[in-house]
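In our numbering, the protein residues as written are 78 to 642.
Think of the CB as a built atom: it goes at the ideal place given N, C-alpha and C, for glycine as much as any other residue.
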């Protein structure tokens, strides 16, 4: 049985062994599963990728290639249909003016993914496993449920994205629910590709990213955006003549880019490399190469996102519904009725985005757009399934067969998606997508707070714990990101204009804030433990320093203390 943590999260370090500190959650000696294992139990990475050990250069492309893979799988979350829809809406509503927000959100995402990768490399455990060992039972179960909600919300967007792409490719022949069933089936098939080798699975994901780059890159070349305006929007942090619509869209960009379950996923994927965690240099080297790989992967995903924003900023910014309707009619498009006959600003989603591209630039543009969306949806659905399995195994310590785990995690996410697909029209999914973005935004603290907490603890990370600069900057970043996403939630809730829903939302908010407060209180408790630990080891032999610390308390205002002042 696993002993429940009591009080603070901090665990005492054990004595140094062979000159290297070790502890229960050490970078050099990860714990065994809390459940006694009679036989080896491998979840995914049965054969870890070997790292070349005969390379002496400061930087080696051979080693970088060996570490390449997890970062690209992680970057797919930055290219899922929810992100693509946020991109095209940003371009249609604000032109190029919000590209700097996209750049900033991607950089923040990179810094957070760095923390996730370091946790996995240093401890040999992913974030869900560390949460399992550090939090008591009730908070751990609540945390698992919150992360599962985020995964379900993301999965619904991804599966429906695939279904919309199949609907467009078949000219409406495949209904939304049919596309969902097809996506479920091929996801099961693709998920077992790693049985043929992990590198083959990673290559398949690389192939899907290449399809996205070529598809959206084709649209970019076809539309030929204004490069001057694009660069200005990317590097000048200003939004001229922007109002509430653009502000809400800016918040939506941050919420779409930084996804909670992706933190859990990346901390697990880095375990796929054969690293000797008893060797400090190997751990340090792995952290370096994973950061480089993640930077390259997110740079590519950023470029693909820029392609989408730029296409819709150049071609459809400030356009109205009636303009779209008339143009589609003029080109004999069967989709003209998608746009109402009014002068409201064009409202687009991934379905209407393909339609308007087809109306303005020909059927090839529509089909190539649909292929890109299909690649985005299929790849992110697969990584979402991996996230669900890692999270469930880590939090609940499941020892089920591989097929049973896949079936359960797929069923949890797919059931609500299939119901939505059956009862919702393919042309009216924007409202549901906004709700799913809000759902995921609310779950962000349940990934960001634990990852910053655990990577800041020397009892878990040893010499690789966050320094003071990372602790402060990480805390500020997390505070800003959570505040932005909470604003997004408030805007969405207030727009519903229902008193009953306001009351319900208020009650949920109280419970939600109480749990977030609990997680934050654990950070405070940990910091207090660290301070006691620091005083014990560093100041115990320094009499004057201890006296000075005691004199900070009013109860120690003795003549000797007064002499200090």
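To the nearest whole angstrom, what separates the beta carbons of residue i and residue j, a pair I think is in contact under 8 angstroms?
i: residue 528; j: residue 204; result: 6 angstroms
i: residue 327; j: residue 178; result: 5 angstroms
i: residue 494; j: residue 236; result: 5 angstroms
i: residue 131; j: residue 382; result: In fact, because the Cβ distance is near 39 angstroms, the residues do not count as touching under 8 angstroms.
i: residue 385; j: residue 175; result: Actually they do not touch by this definition, with Cβ atoms about 12 angstroms apart.
i: residue 452; j: residue 285; result: 5 angstroms
i: residue 261; j: residue 491; result: 6 angstroms
i: residue 361; j: residue 201; result: Their Cβ separation, rounded to whole angstroms, is 15 angstroms, which puts residue 361 and residue 201 out of contact at 8 angstroms.
i: residue 191; j: residue 344; result: Not really, about 11 angstroms apart at Cβ, beyond 8 angstroms.
Taking the straight line between their C-alpha atoms, what separation do you get for residue i and residue j?
i: residue 353; j: residue 194; result: 15 angstroms
i: residue 428; j: residue 167; result: 15 angstroms
i: residue 88; j: residue 173; result: Residue confidence for residue 88 is low, a pLDDT of 45 falling below 50, so the modelled location carries little weight; the figure read from the coordinates is stated next. The alpha-carbon atoms of residue 88 and residue 173 are separated by roughly 49 angstroms.
i: residue 443; j: residue 208; result: 45 angstroms
i: residue 550; j: residue 228; result: 27 angstroms
i: residue 149; j: residue 374; result: 5 angstroms
i: residue 669; j: residue 391; result: For residue 669 there is no data in the structure shown, the boundaries of the chain being 78 and 642.
i: residue 218; j: residue 339; result: 19 angstroms
i: residue 409; j: residue 421; result: 22 angstroms
i: residue 297; j: residue 388; result: 6 angstroms
i: residue 511; j: residue 569; result: 8 angstroms
i: residue 594; j: residue 440; result: 52 angstroms
i: residue 367; j: residue 380; result: 20 angstroms
i: residue 426; j: residue 455; result: 18 angstroms
i: residue 501; j: residue 520; result: 25 angstroms
i: residue 117; j: residue 155; result: With a pLDDT of only 38 at residue 117, under the threshold of 50, the placement of this residue in the model should not be trusted; the figure read from the coordinates follows. Distance between the alpha carbons of residue 117 and residue 155 is about 34 angstroms.
i: residue 573; j: residue 561; result: 19 angstroms
i: residue 346; j: residue 196; result: 11 angstroms
i: residue 210; j: residue 411; result: 57 angstroms
i: residue 358; j: residue 350; result: 15 angstroms
i: residue 309; j: residue 181; result: 14 angstroms
i: residue 153; j: residue 240; result: 18 angstroms
i: residue 395; j: residue 423; result: 7 angstroms
i: residue 355; j: residue 462; result: 31 angstroms
i: residue 552; j: residue 559; result: 11 angstroms
i: residue 466; j: residue 304; result: 43 angstroms
i: residue 464; j: residue 341; result: 7 angstroms
i: residue 334; j: residue 136; result: 30 angstroms
i: residue 514; j: residue 337; result: 12 angstroms
i: residue 598; j: residue 316; result: 37 angstroms
i: residue 588; j: residue 532; result: 27 angstroms
i: residue 257; j: residue 289; result: 20 angstroms
i: residue 448; j: residue 246; result: 8 angstroms
i: residue 469; j: residue 206; result: 10 angstroms
i: residue 473; j: residue 230; result: 21 angstroms
i: residue 546; j: residue 363; result: 22 angstroms
i: residue 602; j: residue 485; result: 36 angstroms
Classify residue i: buried if its beta carbon has 16 or more other beta carbons within 10 angstroms, exposed otherwise.
i: residue 186; result: buried
i: residue 250; result: exposed
i: residue 273; result: exposed
i: residue 125; result: exposed
i: residue 525; result: buried
i: residue 318; result: exposed
i: residue 139; result: exposed
i: residue 591; result: exposed
i: residue 581; result: exposed
i: residue 170; result: buried
i: residue 311; result: buried
i: residue 320; result: exposed
i: residue 649; result: The question about residue 649 has no answer here: the residues shown for the chain are numbered 78 through 642.
i: residue 432; result: buried
i: residue 301; result: exposed
i: residue 556; result: exposed
i: residue 212; result: buried
i: residue 647; result: With the chain covering 78 to 642 only, the question about residue 647 has no answer from this structure.
If you drop the 5 nearest sequence neighbours on each side, which residues of the same chain put their C-beta closer than 8 angstroms to that of residue i?
i: residue 283; result: 149
i: residue 518; result: 332, 562, 563, 565, 566
i: residue 418; result: 398, 399, 402
Can you find the residues in the same chain that come closer than 7 angstroms, C-beta to C-beta, to residue i, ignoring five residues on each side of it along the sequence?
i: residue 369; result: 141
i: residue 254; result: 495, 498, 499
i: residue 437; result: 392, 404
Excluding the five sequence neighbours on either side, which residues of its own chain have a C-beta within less than 6 angstroms of the C-beta of residue i, listed in chain order?
i: residue 413; result: 402, 405, 406
i: residue 314; result: 177
i: residue 460; result: 150, 153
At which residue ranges does the segment 257-345 contain complete alpha helix (DSSP H) runs of 4 or more residues, listed in the order of the chain?
Correct list: 275-300, 304-312, 321-334.
Counting only runs of 4+ residues fully inside the segment 176-206, write out the alpha helix (DSSP H) ranges in chain order.
You should have 176-200.
With a floor of 4 residues, list each alpha helix (DSSP H) that falls wholly inside the segment 413-480, ordered by position along the chain.
The DSSP assignment places complete alpha helix (DSSP H) segments of no fewer than 4 residues inside the segment 413-480 at 427-438, 440-473, in order along the chain.
Identify every run of the alpha helix (DSSP H) within the segment 508-593, keeping only runs that are complete inside it and at least 4 residues long; order them along the chain.
The DSSP assignment places 522-532, 535-538, 545-572 as complete runs of the alpha helix (DSSP H) inside the segment 508-593, in order along the chain (cut-off: 4 residues).
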